[in-house]
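Here the structure comes first, spelled out in structure tokens, and everything after it is commentary.
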Amino acid sequence: MSCTRRDFLKTTVGTSTLLSFAPAAPDFLIRAAVAAAPRRDERDTVLVMIQLSGGNDGLNAAVPYGDDEYGRNRPTLALPPKDVHKINSLVGFHPRMGAFMRLYKAGYLSIVQGVGSPNSDRSHDGAMRIWHTGDPDQPHRQTGWLGRAADSIWRANRAETSAVFVGPIAQPLGVNAENVIVPSIRSPRELMANRMPGDANGESLWKHAAELPRANQGNPLLDFLQRCTVRACADARRIEAATNAAQYPPFQLAGTLHTVAQLIRSDIGVRIFFTELGGGGIGGFDNHANQLGNHCALLHQLSESVAAFIDDLEREKLLDRVLVMTFSEFGRTVSENGRRGTDHGAAAPVFLAGGRLKGGLVGAHPSLTDLDGGALKFHTDFRRVYATVLDRWLGFESPVVLDRQFEPLDILNV
Amino acid sequence: MAAHIEKPSDPGWAWAAYEPDALRPWNLAQAGHLYRRAAFGAGWDQLQRALSDGPQRTLDNLLSPHADTEAFNLAHDDYEASAGSVDELRAWWLRRMIQTPHPLMEKMTLFWHSHFATDGAAVKGVRLMQQHVRLLRGQALGSFERLLEGISRDPAVLLWLGADANRKALPGENFARPLMETFTMGPGHGTEKDIQEASRAFTGWFVLRGELRFIPREHDGNIKRILGREGNFTSDDVVRIVLEQPATSERLVRKLYRWLICETEEPDAILIAPLVESFAKDYSVSRLVETMLRSNLFFSSSAYCRRIKCPVEFALGIVKGLEGMVSTTRLAHDLAGLGQNLYHPPTVKGWTGGRHWINSATMVGRYNLASALLQGSGPYADELSPPGVAQKHGRSTFESAARFLVGLFLQDDLDSNVYDTLLKTAQTADGAGNDDPAGLLRRFAHAVITLPEFHLA
Chain A
4 MSCTRRDFLK TTVGTSTLLS FAPAAPDFLI RAAVAAAPRR DERDTVLVMI
54 QLSGGNDGLN AAVPYGDDEY GRNRPTLALP PKDVHKINSL VGFHPRMGAF
104 MRLYKAGYLS IVQGVGSPNS DRSHDGAMRI WHTGDPDQPH RQTGWLGRAA
154 DSIWRANRAE TSAVFVGPIA QPLGVNAENV IVPSIRSPRE LMANRMPGDA
204 NGESLWKHAA ELPRANQGNP LLDFLQRCTV RACADARRIE AATNAAQYPP
254 FQLAGTLHTV AQLIRSDIGV RIFFTELGGG GIGGFDNHAN QLGNHCALLH
304 QLSESVAAFI DDLEREKLLD RVLVMTFSEF GRTVSENGRR GTDHGAAAPV
354 FLAGGRLKGG LVGAHPSLTD LDGGALKFHT DFRRVYATVL DRWLGFESPV
404 VLDRQFEPLD ILNV
Chain B
1347 MAAHIEKPSD PGWAWAAYEP DALRPWNLAQ AGHLYRRAAF GAGWDQLQRA
1397 LSDGPQRTLD NLLSPHADTE AFNLAHDDYE ASAGSVDELR AWWLRRMIQT
1447 PHPLMEKMTL FWHSHFATDG AAVKGVRLMQ QHVRLLRGQA LGSFERLLEG
1497 ISRDPAVLLW LGADANRKAL PGENFARPLM ETFTMGPGHG TEKDIQEASR
1547 AFTGWFVLRG ELRFIPREHD GNIKRILGRE GNFTSDDVVR IVLEQPATSE
1597 RLVRKLYRWL ICETEEPDAI LIAPLVESFA KDYSVSRLVE TMLRSNLFFS
1647 SSAYCRRIKC PVEFALGIVK GLEGMVSTTR LAHDLAGLGQ NLYHPPTVKG
1697 WTGGRHWINS ATMVGRYNLA SALLQGSGPY ADELSPPGVA QKHGRSTFES
1747 AARFLVGLFL QDDLDSNVYD TLLKTAQTAD GAGNDDPAGL LRRFAHAVIT
1797 LPEFHLA
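Structure, rendered in structure tokens:
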């Protein structure tokens, strides 16, 4: 019989009133418990979505440098083949995505090429809605695919927070749920208990008072609230104890992923994290003019931030539980537009990172000549990637979320 | 509560007006229960007044207050007219909930906000959202029929649902479907064909630059068959037809039952049959609400604490109890973090609520909001003072003040073991190493309002 980390924490800090009244001890024990690693049987995989807001130019991220059409269509934006980090004779990473190349070589990164949506929309709002709702057929759908995923695993007697949005912008539609509450946070502090001034007992008293048996208690709601309070207190402490000392580069996305890593390490049961890059104001991925420098900085930020996150998880032996997925509302036009920029396109690559990937390039690079309104055609419906994540990674039921079964991709070692 | 003499499954007993007797006495717990459901909580004076007035007279005041509600609301409508954003509207509404002489009206406005759930972000118009909530308030205790007619003509609702261009050639279901499945009968009472036919009746209606317009040449005037009726129906006819369906009355009664009485159990059809029949006659919301609130069932153990407070009820219960006024701009933001973003319900189905309000993150969020409200500094400044309120009501020792706070927030309905633990801990442990009694009392109040019991409505 294997003793799981969660079981261990339960026995050391979960039930003993004595311990819960000695604020210094549990933290120490939690740290010790967190350091003792081997994982367990029950499904505890985590998805980390990174939204690239504005329409990422996939052609200058996973660059088809070996295709003459690439250079021909992009007189000022084409990246010199000698600087590209070459995956094969056709495709390579942007010169400033060296960290992604390193992850790729280690087998921690995959690129699904040519992903897109039917009924694609070239407006930011319309296209982003499709990626968020996971439903190109109902433009007015009000729930996000990950909100529905969180609703699908809700159980009436549990208090887990199954999905969290981490970032400085308004909560994206992608995690909007009909039933459950998905918190939006900027830092882990927001999920820790904030004591009253001069309070020496704090959460210990909170938990203790909730745990005490009540005489003649016949109200199922009170019982539920008692258990939720105890759980919330334990979760808040785990987060506090899982403080993340790892060094991350000074980017906003890196800070966000640093928070995500702390929450994963705290082992409070969050299965879905949603994060974002580029949408907090000017300077996103929507580069209609003078794209080169701005896009380069964003890709560098993405690559370095994700790599720091992956390295951190690997050190903590958590990488096998985590899958990172990027998406953007659309790719961009193959030709540049005369203002050293590109316009709204269609198909684009999706980057996946984690410890359980088969690795490599998935699917062919879309043709640079057989186009749809000047943009790449997709060959892989984005919902196939969603179904892969839901069915094979999270262990959820994708038809409940996506209304029907899409064929998952064979990209995971699980 | 004396469960043995209650007959909660007998409609005759359940809906008869509650009259206290020796076995089911009128007490502080019952008064607190009434103020949690029919208002947003109460201050000490209100609770004491209710105790001496008795249940039915207290209800008279809650149902039709003597104060000039109309003047109060007109003044607040003016304040809202100067709001430059939906965020400001949120803050004004919370202020209105706290200060109104007619809290039941705001409580029911909040109910309708979740029933006809409209997201201000999709509407992109401050004035339209202001009009929308004004419509809800205008009929909050009025006629469901008038309300539904208003909703079918409300630009905010039509924009939010994507039903702002109903062309003859392209009848969309964006209004007809929620009208029949969400706002009235509920799913499963009409066929897809009924919805399509009803959609044709709504053709001709447009929202142009925020104004509702009817364009006759875009209206399909041909014969439609809707729910077994046939005619060249208009949008008004559709509203009339869905109101004639018994399912509409039953669904609204069930929803209001969950809001006012109990969310843990669905009532039997036999139990609510008299209410369903009565409501269907003229769709008088005030009569239905009054019947429910005055009833034996409402004051029985089947209803008592059988709801979880929504975030608004949680926060305003603290504010009302402590007789203060806090920054509602800040409060609206914090309530959004707890899952209840006023003017932005998650979907057209509103807030599901109940146990869904609670997860480990929102529990910690409620704990932290309680800290922020009571700590006497920070974003909420020093507007709420447990020691001040205890002092005002003549409790000068720590122990009497502590007892007072448990009466105020939980109406003394707390296991003595828990009470003793809180009291002992508060008296023995002071981390700052001083005996500042005000600080002790603030921390004690915080411990009370973060108890599982305080989340029960």
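Taken in sequence, the protein lines are chains A and B. 4 is the number of the first residue of the first sequence in the working numbering; add one for each residue after it. 1347 is the number of the first residue of the second sequence in the working numbering; add one for each residue after it. By construction, the Cβ of each residue, glycine as well, lies at the ideal position given by its N, Cα and C atoms. Small disclaimer: the values here were computed from a predicted structure and weren't measured.
Which of helix, strand or coil DSSP assigns to residue i
i, result
"A:His-347", "strand"
"A:Ile-114", "strand"
"A:Gly-357", "strand"
"A:Ala-203", "coil"
"A:Ile-313", "helix"
"B:Trp-1697", "coil"
"B:Val-1472", "helix"
"A:Leu-280", "strand"
"A:Arg-43", "With a pLDDT of 41 at A:Arg-43, under the threshold of 50, the modelled position of this residue cannot be trusted; read the value that follows with caution. Looking at A:Arg-43 - three-state DSSP - the assignment turns out to be coil, as it is neither helix nor strand."
"A:Gly-363", "strand"
"B:Glu-1596", "helix"
"A:Val-49", "strand"
"B:Lys-1514", "coil"
"A:Thr-232", "helix"
"B:Thr-1404", "helix"
"B:Arg-1499", "coil"
"A:Ala-35", "Confidence at A:Ala-35 is low in this model, with a pLDDT of 40, below 50, so the placement of that residue should be treated as unreliable; the coordinate-derived value is given next. A:Ala-35 falls in the helix class under three-state DSSP."
"A:Asp-384", "strand"
"B:Phe-1790", "helix"
"A:Val-273", "coil"
Buried/exposed call for residue i, threshold 16 Cβ in 10 Å
i, result
"A:Val-403", "exposed"
"B:His-1332", "The structure shown does not extend to residue 1332 of chain B, since chain B is modelled only from 1347 through 1803, so no value can be given for it."
"B:Ser-1355", "exposed"
"A:Ala-159", "exposed"
"A:Lys-320", "exposed"
"B:Gln-1591", "buried"
"A:Val-417", "exposed"
"B:Pro-1517", "buried"
"B:Leu-1751", "buried"
"A:Pro-78", "exposed"
"A:Gly-138", "Note that residue 138 of chain A is Asp in the sequence shown, not Gly. It is buried - the Cβ of A:Asp-138 has at least 16 other Cβ atoms within 10 Å."
"B:Ala-1509", "buried"
First through last residue of the beta strand (DSSP E) which encompasses residue i
i, result
"A:Ala-166", "166–169"
"B:Phe-1552", "1551–1554"
"A:Met-328", "325–331"
"B:Lys-1570", "1570–1572"
Opening and closing residue of the alpha helix (DSSP H) in which residue i lies
i, result
"B:Leu-1751", "1744–1756"
"B:Ser-1660", "Before going further, note that residue 1660 of chain B is Phe rather than Ser in the sequence given. Counting along the chain, the alpha helix (DSSP H) containing B:Phe-1660 begins and ends at 1657–1667."
"B:Phe-1457", "1449–1461"
Discussion item. Check whether the segment 1702–1712 of chain B and the segment 1469–1479 of chain B are in contact - that is, three or more C-beta pairs closer than 8 Å.
Written reply: Not touching, per the Cβ criterion.
Item to complete: Could you say if the segment 1530–1538 of chain B and the segment 1552–1561 of chain B meet the contact criterion of at least three C-beta pairs nearer than 8 Å?
Response: Fewer than three beta-carbon pairs drawn from the segment 1530–1538 of chain B and the segment 1552–1561 of chain B are found closer than 8 Å, and the two stretches are therefore not classed as touching.
Item to complete: Would you be able to state if there are at least three C-beta pairs under 8 Å between the segment 1720–1730 of chain B and the segment 1358–1378 of chain B?
Response: No contact exists between the segment 1358–1378 of chain B and the segment 1720–1730 of chain B.
Worksheet item: With contact counted as at least three CB pairs below 8 Å, one residue from each stretch, are the segment 136–156 of chain A and the segment 375–394 of chain A in contact?
Response: Contact check between the segment 136–156 of chain A and the segment 375–394 of chain A: three or more CB pairs, one atom from each, fall below 8 Å, which counts as touching.
Item to complete: For the segment 304–323 of chain A and the segment 252–264 of chain A, state whether three or more C-beta atom pairs, one from each stretch, are separated by less than 8 Å.
Response: As far as the Cβ criterion goes, the segment 304–323 of chain A touches the segment 252–264 of chain A, which means the pair count is three or higher.
Worksheet item: Relative to chain A, which residues along the segment 1455–1470 of chain B have a C-beta separation below 7 Å, given in chain order?
Response: From the segment 1455–1470 of chain B, no residue has a Cβ closer than 7 Å to chain A.
Worksheet item: Closer than 8 Å, Cβ to any Cβ of chain A: which residues of the segment 1668–1701 of chain B, in chain order?
Response: For the segment 1668–1701 of chain B, residues whose beta-carbon sits nearer than 8 Å to a beta-carbon of chain A comprise Gly-1683, Leu-1684, Gly-1685, Pro-1692, Thr-1693, Val-1694, Lys-1695, Thr-1698, Arg-1701.
Worksheet item: What residues in the segment 175–206 of chain A have a beta carbon less than 9 Å from any beta carbon of chain B?
Response: For chain B, the residues of the segment 175–206 of chain A that bring a beta carbon within less than 9 Å of one of its beta carbons are Asn-179, Ala-180, Glu-181, Asn-182, Val-183, Ile-184, Val-185, Pro-186, Ser-187, Ile-188, Glu-193, Leu-194, Met-195, Ala-196, Asn-197, Arg-198, Met-199, Pro-200, Gly-201, Asp-202, Ala-203, Asn-204, Gly-205, Glu-206, in chain order.
Worksheet item: When Cβ atoms are compared, which residues of the segment 1517–1539 of chain B fall closer than 8 Å to chain A?
Response: Residues of the segment 1517–1539 of chain B that bring their beta carbon within less than 8 Å of a beta carbon in chain A comprise Asn-1520, in sequence order.
Practice prompt. Below 7 Å between beta carbons is the criterion; list the residues of the segment 224–235 of chain A that meet it against any residue of chain B, in chain order.
Written response: Of all residues in the segment 224–235 of chain A, the ones placed with a Cβ closer than 7 Å to any Cβ belonging to chain B are Leu-224, Leu-225, Phe-227, Leu-228, Gln-229, Cys-231, Thr-232, Arg-234, Ala-235, in chain order.
Discussion item. To be precise: take each residue of the segment 1636–1652 of chain B, compare its Cβ to all Cβ atoms of chain A, and keep it if any distance is under 7 Å. Which residues remain?
Written reply: The residues in question are Cys-1651, Arg-1652.
Item to complete: Mind the definition here: the segment 1460–1467 of chain B touches the segment 1397–1412 of chain B only if three or more C-beta pairs lie below 8 Å; say whether that holds.
Response: Taking 8 Å as the limit for Cβ pairs, the verdict is that the segment 1397–1412 of chain B does not touch the segment 1460–1467 of chain B.
Discussion item. Within 8 Å, do at least three Cβ pairs link the segment 339–352 of chain A to the segment 360–379 of chain A?
Written reply: Touching, per the Cβ criterion.
Item to complete: Output, in sequence order along the chain, the residues in the segment 1757–1768 of chain B whose CB is closer than 7 Å to any CB in chain A.
Response: The residues in question are Asp-1761, Asn-1763, Val-1764, Thr-1767, Leu-1768.
Discussion item. Output needed in chain order: residues of the segment 1707–1719 of chain B with a Cβ under 8 Å from some Cβ in chain A.
Written reply: When CB distances to chain A are screened at a threshold of 8 Å, the residues of the segment 1707–1719 of chain B falling below it are Ala-1707, Thr-1708, Met-1709, Val-1710, Gly-1711, Tyr-1713, Asn-1714, Ser-1717, Ala-1718, in chain order.
Item to complete: Would you list, in chain order, the members of the segment 132–155 of chain A that have their beta-carbon closer than 7 Å to a beta-carbon of chain D?
Response: Given the protein chain composition of this structure (A and B), no chain D is represented.
Practice prompt. Could you name the residues of the segment 1363–1389 of chain B whose beta carbon sits closer than 7 Å to any beta carbon of chain A, in the order they occur along the chain?
Written response: Hits within the stretch: zero.
Discussion item. To be precise: take each residue of the segment 271–291 of chain A, compare its Cβ to all Cβ atoms of chain B, and keep it if any distance is under 7 Å. Which residues remain?
Written reply: Within the segment 271–291 of chain A, Ile-271 place their CB atoms closer than 7 Å to a CB of chain B, listed in sequence order.
Practice prompt. For the segment 208–219 of chain A, enumerate the residues whose C-beta is nearer than 8 Å to any C-beta of chain B, in chain order.
Written response: Taking 8 Å as the Cβ-Cβ cut-off against chain B, the residues of the segment 208–219 of chain A that qualify are Leu-208, Trp-209, His-211, Ala-212, Ala-213, Leu-215, Pro-216, Arg-217, Ala-218.
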